[in-house]
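Residue numbers (our numbering): 5 to 215. Okay, so here's the structure we're looking at.
Below you can see the structure in the form of structure tokens.
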């Protein structure tokens, strides 16, 4: 009886140990081969950017964005939540948009997948005249230099159930946006300026478990 129990234990060990080694190796490969998602602004339309001195120094602006997010990982999905977008001009914030309260719910992005956030609308907010003048001084031929900052939380998902740590990250996009209804602006030579797809930069490591 004792020999039979020992034999069963040895068999279970011989079966279980290789499985454990394979499982650990698989997870280590995933952790150390994680690639960060790629963010880019594929379209940006600034249809209004005017200062109204008659209405308590209000800046009237209307900025619409399409943001593309690509997950290059072959076996790892990514969860996104608590997304905030901040727009700055002349190094001053003129717009803050929270994308979690019904505008954009938390979402999951599968492996080797591309997600496009369409028509994110930024509009509203008070703006002092001095700040606006500084912004105007950095404007060339109707093209505004706008820094878009994204703050969000991400979490990697390995397979169906294993999840990584939740991490707060930042994305910076340096945009040159023409002021027009149609996405083009007349430059200094009489030609049209079109918005060019702009690649964004990560300001913090996405996956702390891979470092």
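Just so you know, even glycine gets a beta-carbon here, dropped at the ideal spot from N, CA and C. Fair warning: this is a prediction, and the values are worked out from it, not measured in the lab.
Taking C-beta separations shorter than 6 Å and ignoring five residues to either side along the sequence, the partners of residue 170 in its chain run 157, 159, following chain order.
Excluding five sequence positions before and after residue 42, the CB atoms of its chain that fall closer than 6 Å to its own CB belong to 74, given in chain order. Counting the other Cβ atoms within 10 Å of the Cβ of residue 198 gives fewer than 16, which makes it exposed. By the Cβ neighbour-count rule, residue 168 is buried, with 16 or more other Cβ atoms within 10 Å of its own.
DSSP places residue 167 within a strand segment (E or B) once states are collapsed to three. The three-state reading of DSSP puts residue 113 in strand, counting E and B together. In the three-state scheme derived from DSSP, where H, G and I count as helix and E and B as strand, residue 77 is classed as coil. Of the residues 82, 54, 179, 72, the one whose Cα lies closest to the Cα of residue 66 is 54. Here the alpha carbon of residue 173 sits roughly 14 Å from the alpha carbon of residue 39. Contact check for residue 50 against residue 183 passes: the beta carbons are separated by less than 8 Å. Boundaries of the beta strand (DSSP E) harbouring residue 159: 147-162, taken from the DSSP string.
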